[in-house]
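In our numbering, the protein residues as written are 459 to 831. Idealized CB from N, CA, C, for every residue including glycine. Since we're looking at a predicted model, the values are computed, not measured.
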Amino acid sequence: MTAIGGATTVRRMWNFSAGPAAMPLEVLERLRGDLVDLDATGVGILEHSHRGPTFERVLEESMRSCRTLGGIPEEYEILMLPGGATLQFSQLALNLLPDGATADYPDTDVWSAKAIIEARAAVRANIAVIFEGKRFHYDHVPTLGEMTPTAGAAYLHYCSNNTVHGTRYSTPPRAAPGVPLVCDASSEIFGRPIDWRAHGLVYAAAQKNFGVAAMTLVVIRRDLLERTVRPLHTMASYAQHAKAGSRLNTPPTFAMHAAGLMFKWMIKEGGVEEFARRNAAKAQLLYSVIDSSGGFYTGLSQRPCRSDINVSFRLRTNELDSRFAAEAAREGLDALAGHKDAGGIRASMYNAMPLDGARALQGFMREFMRVNG
Ligand SMILES: *Cc1c(COP(=O)(O)O)cnc(C)c1O
């Protein structure tokens, strides 16, 4: 918890919310100022025209910082699109998957399951579920031998970090030769390095790692943009968004600005490699308690694919889970109840969660076990 000075003192919780999620105080305070007056223009960020020179600069800086932070190669286009990651589930299929073709979808969590449903609703193609994680309560992602990618598929879609059950791929899955990978990186983008060139498209909603809900980053290889799979209405088309510089219509201007500030903050803090180190350290603090608890805490995911970002576990009874979350909240540790589909406890620790927050939760877990074990 942090107390903020000023006329009033604000009590800030350690926020373990899965998303929208914690943001750094310095970014929030900068945004507060920019709401009233952006760059001494006498006009706030919400009030600037999306075609005016001030916002033009904001968007350009945001895009540039994104490329710098991510180390995104020039042959990839960066789009910032309206709508959450959920919209991408259908939009990517509309843009990349011809009628009658096949796309591979390992199902590893609630979100990849939704991606499958949405792709099926959007196009008349074969959505091949090449791994059924639900059969294993989503406790792991597929190993090489557990799935057979389809030769000649239009793409292989996977979710690199599974937000709900707390698993991740340690390396990207292997698609059939020449088949592009498409990745939903919503819960870990900029939290560990991405091999861009192994991917045709990577997308991530903003509200977990870079700010404001209802905007999604889409990074797409330019040759995929140029392929026309079917006629599309303007707002559905990646090519149209790219041509318009993500300003086909009035875009989510505030979210674009907030994202720019988040990208700059992450660059200043040391970049993606540094956050990968911090995220591993934060997760280790909690997993070490789980693993040495003699079964008081049980992790929901198998060890080799544990997430560094979303640490999910349960206690011996639902009643203990509820008590854990409620008592933690009284100690300033917020939003620890698990997703409704997984139950238990989930600690989401995106880039903006400092090591001290994880230490505070580690201390609480030990104390709760001492009293209730
Ligand atoms: C949160 C999340 C989504 C959904 O994002 P919305 O912006 O709510 O549509 C999709 N995929 C993953 C992996 C997520 O963590």
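Using a 10 Å radius around the Cβ and a threshold of 16 neighbouring Cβ atoms, would you call residue i buried or exposed?
i	result
ARG828	exposed
LEU813	exposed
ILE575	exposed
SER770	buried
ASP495	exposed
PHE736	According to the sequence shown, residue 736 is Arg rather than Phe. Its Cβ being crowded by 16 or more others within 10 Å, ARG736 is buried.
GLY463	With a pLDDT of only 47 at GLY463, under 50, the local geometry of the prediction cannot be trusted, and no value is derived from it.
GLU646	buried
HIS506	buried
GLY500	exposed
HIS595	exposed
THR560	buried
ASP766	buried
ASP497	exposed
LYS726	exposed
HIS615	buried
Whose C-beta lies closer than 6 Å to the C-beta of residue i among residues of the same chain, with five residues either side of it excluded?
i	result
PRO638	TYR613, GLY658
ALA571	ASP565
VAL730	PHE648, PRO651
ALA643	SER618, VAL660, ALA662
PHE733	GLY649, ASN809
ALA818	TRP472
PRO540	PRO710
Between which residues of its own chain and residue i is the CB-CB distance below 7 Å, once the five residues before and five after are set aside?
i	result
LEU493	GLY502, ILE503, LEU504
ALA800	VAL622, HIS623, LEU758, SER770
VAL485	LEU719, MET720, TRP723
ALA465	Its pLDDT being 49, under 50, ALA465 is placed unreliably by the model, and nothing is read from it.
GLU513	Here residue 513 is Phe; the residue named in the question, Glu, does not match the sequence. The residues are HIS506, SER507, THR711.
Using a Cβ-Cβ cutoff of less than 8 Å, which residues in the same chain neighbour residue i once the five nearest sequence positions on both sides are dropped?
i	result
CYS763	HIS598, VAL599, THR625, ARG626, TYR627, SER628
LEU537	LEU675, VAL676, VAL677, ILE678, TYR696, HIS699, ALA700, SER704
ARG509	ARG705
Do residue j and residue i have their beta-carbon atoms positioned less than 7 Å apart in this structure?
i	j	result
LEU719	ARG488	yes
ALA697	LEU683	yes
MET803	LEU791	The question names Met, yet the displayed sequence has Ile at residue 803. Cβ distance not < 7 Å, so ILE803 and LEU791 don't count as in contact.
ALA717	SER475	no
ALA480	MET811	yes
ARG582	ASP562	no
ARG680	GLU533	yes
ARG781	THR756	no
ALA425	ALA664	There is no way to answer for residue 425, as the model of the chain reaches only from 459 to 831.
PRO631	MET673	no
ILE585	ARG578	yes
HIS715	VAL516	yes
Is it a yes or a no for the region 518-531 touching the region 547-559, going by three-plus beta-carbon pairs under 8 Å?
no
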